[in-house]
Amino acid sequence: MHDPIYTALSGVSKLETHPGILSIYKYDFLAIPKRLLRFVKTPICVVQPKNDEEVVKILEISERFGIPVITRGTGTSGYGGCVPLERCIIVDMKNFNRVVIQDHTAVVESGAIWLDVESYANKFGKALRVYPTSATVSTVGGWIAQNGYGIGSLKFGSIGENVEWLEVADYNGIKLIKGDKLKYYIGAFGTTGIILRACIRLREATPIRSSTFECSFEEALRKIDGAYHANFKDRCHMKFERLGDGDVLLVSYEGEGESSELGEILWGRRLRPLKALTTDKIYSEAVVPYENAFEFYKKAKEISLGLEAIFASNCVIFLGLFGRNLKQYLKALKFVKIAENLGGGVYTTGMLFPHKNKAKRELKEYKNSVDPEGLLNPNKAFQNNAFSKIMKIGERFLWTV
Ligand SMILES: Cc1cc2nc3c(=O)[nH]c(=O)nc-3n(C[C@H](O)[C@H](O)[C@H](O)COP(=O)(O)OP(=O)(O)OC[C@H]3O[C@@H](n4cnc5c(N)ncnc54)[C@H](O)[C@@H]3O)c2cc1C
């Protein structure tokens, strides 16, 4: 049935159609409850383009056959951004991994792994300003498409705030995106174009020194001024990670100086190993403005099994730990609801929270102009789907937990 598509694509790019491989590309790090698996579709095939021309040709074939495309980094996002809800072509960007270091910026292809970019930049005396704690495995394109916060976000903000320009491909070819238009791609989960490369701002590779404080969350909020990076783990979270049993703030500064012993350990462990993820727990994430962060902390503590906070330049990102049963899933949703009531909200949208996308109308209009057939990662970011509808229904039961 798909033979004409296979034939068209095999002349263009490395093509994968083995059912075993295709089943891997059905998922990302999102734990999908068994009953909802029926909404997930097996992709028609996976392609791994090697250059811009191949990406353009794949898009031509997608348009000709009316088959959606989903761009994929390494699938660590956990928001279902690359989970197919329709039969589609998966565009795996693993071969887009070149990096060029300039004076204060790097031009990076979207499939490059963050830690590889950091190591390469270090050879030129430069360093990434921000990177996710999944940097050992996740890609530049994936994090930009999700607009995440991470290490360094206290000083430098989200990854979106550190992008100078993007080069993207869509059904009209390749274009350079700068200034105000970046908002249509950063955090859009690949629904408006395939990011080919990004120009990102770098910092000088000055050393980082770290200290820790055993203190309350309220005290932590007063100790982070002027730091490059700071995060807080409550005692339950510390226990869960087998790091101790007190509430601990890690504060890291740029520049020479002594680190404390625990500071060095926690900074050394800032890149979260995937093995730290368990099968019996899930994380819920929420963004909260500084003025309400303490209020959120007190309320979130009552419902979560452990709390972590990452301090960013203009907001605090909270990670709450929850179990894996219906009641706990509802509590994980309540975590986001509490943030919304305090002027914050969901960390990002992906497949689960398109209904909460604040720029929905604007994105919709832009998408219609670049992708009138709706073939670029349909059902994500701001377009409702079966999962977001179920999340909405779940919200009606929040009073029960
Ligand atoms: C252990 C662990 C730690 C993490 N730490 C952090 C953290 O500190 N901060 C944070 O924000 N997140 C974090 N995450 C989530 C995730 O790792 C990041 O968001 C990551 O950068 C996603 O990259 P990826 O390559 O896995 O993207 P994917 O999951 O492959 O893709 C994410 C979305 O981007 C789209 N996409 C991918 N590539 C492109 C492209 N080239 N063009 C257009 N769209 C594209 C996909 O379609 C999908 O919708 C963590 C996850 C894990 C498992």
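First residue of the sequence shown: 96, per our numbering; consecutive thereafter.
Glycine residues also receive a C-beta, built at the ideal position from the N, C-alpha and C atoms.
In terms of Cβ geometry, Lys129 and Pro179 do not form a close pair [threshold 8 Å].
Below 8 Å, enough C-beta pairs join the stretch 346-353 and the stretch 296-311 to call them touching: three or more.
Looking at Leu366, Leu402, Glu390, Ala300, the one whose alpha-carbon comes closest to that of Arg330 is Leu402.
A heavy atom of ligand 1 is found nearer than 7 Å to the CB of Arg367.
Distance from the CA of Trp362 to the CA of Gly439, rounded to the nearest whole angstrom, comes to 27 Å. In terms of Cα proximity to Ser229, the closest of Val142, Gly245, Phe219, Val164 is Gly245.
Taking C-beta separations shorter than 7 Å and ignoring five residues to either side along the sequence, the partners of Ala395 in its chain run Leu402, Phe413, Gly415, Phe430, Ile433, following chain order. Closest by C-alpha distance to Asn190, out of Leu110, Gly252, Gln143, is Gln143.
Distance between Ile153 and Ile360, taken at the CA atoms: about 46 Å. Excluding five sequence positions before and after Val441, the CB atoms of its chain that fall closer than 6 Å to its own CB belong to Val431, Phe448, Lys451, given in chain order.
Taking the Cα of Ala427 as reference, the smallest distance to any Cα among Ala216, Val194, Phe492 is reached at Phe492. Exposure of Leu271 is indicated by the presence of fewer than 16 other C-beta atoms within 10 angstroms of its C-beta. The criterion of a C-beta distance shorter than 8 Å is satisfied by Cys183 and Ile139. Checking the 7 Å criterion, the Cβ of Asn257 is out of range of every heavy atom belonging to ligand 1.
Residues of the same chain with a CB within less than 6 Å of the CB of Arg298, apart from the 5 flanking positions on each side, are Ala222, Arg224 in chain order. In terms of Cα proximity to Val465, the closest of Ala207, Ile156, Thr287 is Thr287. If you compare the alpha carbons of Val212, Glu181, Val186 with that of Val194, the shortest gap goes to Val212.
Positions of the beta strand (DSSP E) runs, each at least 3 residues long and wholly inside the stretch 154-189, are given as 164-167, 184-187 in order along the chain. Taking one beta carbon from each stretch, the stretch 149-163 and the stretch 467-479 have 3 or more pairs nearer than 8 Å; the two touch. The bridge partners DSSP lists for Phe413 are Ala381, Ala404. Taking a contact as a CB-CB distance under 8 Å, the pair Cys294 and Val202 counts as one, their CB atoms being some 5 Å apart. Arg298: member of the beta strand (DSSP E) spanning 289-299, first to last residue. Excluding sequence positions up to five before and after Tyr280, its CB lies within less than 8 Å of the CB of Ile239, Ala240, Leu261, Val263, Ile272, Thr287, Gly288, Ile290, all in the same chain and listed in chain order. Counting the other Cβ atoms within 10 Å of the Cβ of Gly268 gives fewer than 16, which makes it exposed. Under the three-state reduction of DSSP output, Gly418 falls in the strand class. The shortest C-alpha to C-alpha distance from Lys422 to any of Glu155, Asn436, Leu400, Asp320 is the one to Leu400. Spatial neighbours of Arg292 in its own chain (CB-CB distance under 7 Å, excluding positions within 5 residues in sequence) are listed in chain order as Val202, Val203, Glu204, Ser205, Glu262. Burial state of Trp209 is buried, judged by a 10 Å Cβ sphere holding 16 or more other Cβ atoms.
In the three-state DSSP reduction, Glu356 falls in the helix class (H, G or I). Gly175 is not a Cβ neighbour of Phe389, given a cutoff of 8 Å. For Gly282 and Phe477, the gap between their C-alpha atoms comes out near 10 Å.
Distance from the C-beta of Lys121 to the nearest heavy atom of ligand 1 is not below 7 Å. Under the rule that a run must span 4 or more residues, the alpha helix (DSSP H) segments found entirely inside the stretch 427-487 read 455-465. Counting the other Cβ atoms within 10 Å of the Cβ of Phe219 gives fewer than 16, which makes it exposed.
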